[in-house]
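This report refers to the structure that appears directly beneath it.
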Amino acid sequence: MNEENRTKIPQKDSNSRKGWTRRSALKALGLTALTAGIVEPVSHLNSTEDGASLKDALGEMFQDHYKRMDKEEIQEVLLRLERTYAKTYQKEIKVSNDLPLQGVVFGYALNLSKCKGYRDCVKACVEENNQNRDSEIEYIRVLEMDKGSQNMETSDHYYDAEEVPQEGKYYMPVQCQQCEDPPCVNACPVKATWKEPDGIVVVDYNWCIGCRYCAASCPYWARKFNWNEPSIPKDEINPQTHYLSNRPRSKGVMEKCTFCLQRTRKGQMPACQEACPTGARIFGNLLDKDSEIRYVIENKTVFRLKEDLNTNPKFWYYTD
Amino acid sequence: MKFSECIGSIKNKVRVWRFRKGGWESTDSAPKEMETNDLKPMSSERVKSFLNKIKENNKSPNEWSNYE
Numbered sequence: 015m016n017e018e019n020r021t022k023i024p025q026k027d028s029n030s031r032k033g034w035t036r037r038s039a040l041k042a043l044g045l046t047a048l049t050a051g052i053v054e055p056v057s058h059l060n061s062t063e064d065g066a067s068l069k070d071a072l073g074e075m076f077q078d079h080y081k082r083m084d085k086e087e088i089q090e091v092l093l094r095l096e097r098t099y100a101k102t103y104q105k106e107i108k109v110s111n112d113l114p115l116q117g118v119v120f121g122y123a124l125n126l127s128k129c130k131g132y133r134d135c136v137k138a139c140v141e142e143n144n145q146n147r148d149s150e151i152e153y154i155r156v157l158e159m160d161k162g163s164q165n166m167e168t169s170d171h172y173y174d175a176e177e178v179p180q181e182g183k184y185y186m187p188v189q190c191q192q193c194e195d196p197p198c199v200n201a202c203p204v205k206a207t208w209k210e211p212d213g214i215v216v217v218d219y220n221w222c223i224g225c226r227y228c229a230a231s232c233p234y235w236a237r238k239f240n241w242n243e244p245s246i247p248k249d250e251i252n253p254q255t256h257y258l259s260n261r262p263r264s265k266g267v268m269e270k271c272t273f274c275l276q277r278t279r280k281g282q283m284p285a286c287q288e289a290c291p292t293g294a295r296i297f298g299n300l301l302d303k304d305s306e307i308r309y310v311i312e313n314k315t316v317f318r319l320k321e322d323l324n325t326n327p328k329f330w331y332y333t334d
Numbered sequence: 308m309k310f311s312e313c314i315g316s317i318k319n320k321v322r323v324w325r326f327r328k329g330g331w332e333s334t335d336s337a338p339k340e341m342e343t344n345d346l347k348p349m350s351s352e353r354v355k356s357f358l359n360k361i362k363e364n365n366k367s368p369n370e371w372s373n374y375e
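If you're matching them up, the sequences are chains Y and F in order. Residues 15 to 334 (my numbering) are what the first sequence spells out, left to right. Residues 308 to 375 (my numbering) are what the second sequence spells out, left to right.
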C-alpha cells in the first residue's frame, strides 16, 4: 500500500468520533434492520391485494390498547378499519364505538320449557356477528339432553335429527354467560379482554395475541379461536358493526358472544333473542326493577350453570 | 316441562383428576363429596345479593376506565 492510499483510511481519533467506529457501524446496521423490518412486511400493502395503505398498515401495527386510547385516537382507528373493510369486502362497513350506558347491566334468561332445539338463534348469531363461515365458529351451542338428566359431558352438541324436539329430549342453548367474575379475563396475560361496566366481557381483537388461555379457563366453552383467516361472503356481511363486537376479525385472535352489544347498546335486542320463534329468550337490564328479566329471576325458579365455580354468570335458565 | 323433569334426581358429577399411586387418574364416578348439582335453584336471597353486587360493580367500573 502506498502512502497516498493509506491517508484515505479514517484514523481513530480519541478527541472526535468522526468516521466509522464499531458503535456507529452497529447503530447504522440496527437502523437499517429496523427500517427493513417495518417497511418490508407492510410494503406490499401499499400497492396491491388488500389495498391498505402504508399509513394504515403502520397505524395497525402501532395501535395502542383500546382502553388507553383517547377519543381522537379511537376515532382514527375506526376510520382506518372502515377503509380497510371497505376495500376487503367492497362494501361500506360502519364500525361504531357505542359506549356502555350508565345504570345498565345486561342479563339473559332462557326458558327451557320453550326451547325446542330449532337452532334459529345459532343461525341468526352467525349472520349478525360476521362469524367465519368456514370454521363453523358458533357462539351458541344447543345441547340435546335426556329428560331427567343434566350431564353436560354426555349431552349431544351435534344432534342432527330430522325433526326436533325429539321424544324424551330437551334442549339447552349455552353461550357466553357474561360472568360477573369471569375467569377468562383473569387468564389473559395481556389484558386484551375485560368486563365492561354494562357487564359484557369483550375482546380487543387488535390486542389479542392468540394464546388461548382464556379458552382454556372458560368453563362454558364460550371462547372461539380463529384458526384460519375468517371467510365471510361479501353479500352476507353485516355492515353495522362495533369495534368490540362483530367487526371482521383476523386469523389468530379469540372471539366470543357479546350479547350483540352493537345492537343492545342502541336499545335493540340481541339477534338470538329476536330470532327465537318460541319466545324462550328473555333479555334486559338487570338494574331496571320493571324489566322482564328482573321479573323472571325474582319470581321464577332459576338456576345458573356451574354455580359452584363462583363465576357468577348473568345468564339464567328456568322452566315454566 | 316442569323444573323437576330436567333436574331429575341425577346429579352432575365433576370429573376430577386425582393422584394415585402410579400416576394421575380420571374419576368417572367422582367421590360423593365432589358431586355437584348444576341445576340447583338460586334462592331469592342469593338473587338479591347478586343484584346488589352488580349494582355496586356498575357504580365503580374497574381500572383503566376511560368512560368518564
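Glycine included, C-beta positions come from ideal geometry on N, C-alpha and C. Since the model is a prediction, treat every value here as computed from it, not as a measurement.
For residue i and chain F, any beta-carbon pair shorter than 8 Å?
i: residue 297/Y; result: no
i: residue 197/Y; result: no
i: residue 312/Y; result: yes
i: residue 326/Y; result: yes
i: residue 315/Y; result: yes
i: residue 329/Y; result: no
i: residue 211/Y; result: yes
i: residue 301/Y; result: yes
i: residue 279/Y; result: no
i: residue 119/Y; result: yes
i: residue 61/Y; result: Bear in mind that the predicted position of residue 61/Y carries a pLDDT of just 48, short of 50, making it unreliable; the figure below should be weighed with that in mind. Judged by the 8 Å Cβ criterion, residue 61/Y is not in contact with chain F.
So is residue i in contact with chain Y if we call contact Cβ pairs under 8 Å?
i: residue 345/F; result: Caution applies to residue 345/F, whose pLDDT of 49 falls short of 50 and renders its modelled position unreliable; the value that the coordinates give is listed next. Output row for residue 345/F: interface = yes.
i: residue 359/F; result: no
i: residue 339/F; result: Low confidence applies to residue 339/F: its pLDDT is 40, below 50, so where it sits in the model is not reliable, and the reading given next is rough at best. No, residue 339/F lies away from the interface with chain Y (no Cβ there is under 8 Å from its Cβ).
i: residue 336/F; result: Caution is warranted here: a pLDDT of 44 is assigned to residue 336/F, below 50, making its placement in the model unreliable, and the coordinate value is therefore given only provisionally. So, not an interface residue.
i: residue 317/F; result: A caution first: residue 317/F carries a pLDDT of 38, below 50, which makes its placement in the model too unreliable to give a value.
Taking Cβ to Cβ, would you say residue i is nearer than 8 Å to residue j?
i: residue 139/Y; j: residue 294/Y; result: no
i: residue 361/F; j: residue 167/Y; result: no
i: residue 125/Y; j: residue 334/Y; result: yes
i: residue 320/Y; j: residue 300/Y; result: no
i: residue 272/Y; j: residue 214/Y; result: yes
i: residue 269/Y; j: residue 313/Y; result: no
i: residue 291/Y; j: residue 146/Y; result: no
i: residue 130/Y; j: residue 185/Y; result: yes
i: residue 107/Y; j: residue 246/Y; result: no
i: residue 12/Y; j: residue 332/Y; result: Limits of chain Y in this structure are 15 at one end and 334 at the other, which puts residue 12/Y out of reach.
i: residue 310/Y; j: residue 296/Y; result: yes
i: residue 203/Y; j: residue 222/Y; result: no
i: residue 158/Y; j: residue 170/Y; result: yes
i: residue 220/Y; j: residue 89/Y; result: no
i: residue 209/Y; j: residue 242/Y; result: no
i: residue 183/Y; j: residue 160/Y; result: yes
Considering only C-alpha positions, which residue in the set the options is nearest to residue i?
i: residue 324/Y; options: 197/Y, 165/Y, 133/Y, 279/Y; result: 197/Y
i: residue 261/Y; options: 182/Y, 157/Y, 99/Y; result: 99/Y
i: residue 238/Y; options: 128/Y, 119/Y, 216/Y, 172/Y; result: 216/Y
i: residue 112/Y; options: 310/Y, 212/Y, 241/Y, 266/Y; result: 212/Y
i: residue 274/Y; options: 246/Y, 203/Y, 245/Y, 136/Y; result: 136/Y
i: residue 192/Y; options: 159/Y, 235/Y, 94/Y; result: 235/Y
i: residue 79/Y; options: 154/Y, 190/Y, 206/Y; result: 206/Y
i: residue 358/F; options: 91/Y, 121/Y, 115/Y, 96/Y; result: 121/Y
i: residue 253/Y; options: 76/Y, 68/Y, 102/Y, 83/Y; result: 102/Y
i: residue 302/Y; options: 242/Y, 181/Y, 209/Y, 119/Y; result: 119/Y
i: residue 91/Y; options: 154/Y, 183/Y, 74/Y; result: 74/Y
i: residue 110/Y; options: 83/Y, 277/Y, 308/Y; result: 277/Y
i: residue 218/Y; options: 176/Y, 68/Y, 180/Y, 83/Y; result: 83/Y
i: residue 330/Y; options: 188/Y, 95/Y, 163/Y; result: 188/Y
i: residue 366/F; options: 249/Y, 115/Y, 164/Y; result: 115/Y
i: residue 174/Y; options: 96/Y, 249/Y, 133/Y, 165/Y; result: 133/Y
i: residue 72/Y; options: 249/Y, 95/Y, 81/Y; result: 95/Y
How would you list, in chain order, the residues of chain F whose beta-carbon sits under 9 Å from the beta-carbon of residue i?
i: residue 194/Y; result: 357, 360, 361, 364
Which residues of chain F have a Cβ atom closer than 7 Å to the Cβ of residue i, listed in chain order?
i: residue 275/Y; result: Within chain F, no residue comes near residue 275/Y; the closest Cβ sits about 14 Å away, beyond 7 Å.
Please list, in chain order, the chain F residues whose beta carbon lies closer than 8 Å to that of residue i.
i: residue 318/Y; result: 349
message: Give the list of continuous alpha helix (DSSP H) stretches no shorter than 4 residues that lie fully inside the stretch 76–141 of chain Y.
response: 85–103, all fully within the stretch 76–141 of chain Y.
message: List, from N- to C-terminal side, the alpha helix (DSSP H) runs of 4 residues or more that fit wholly inside the stretch 145–220 of chain Y.
response: Here the runs fully enclosed are 197–201.
query: Taking the runs of the beta strand (DSSP E) that are 3 residues or longer, which of them lie wholly in the stretch 252–327 of chain Y?
result: Runs found: 254–256, 295–299.
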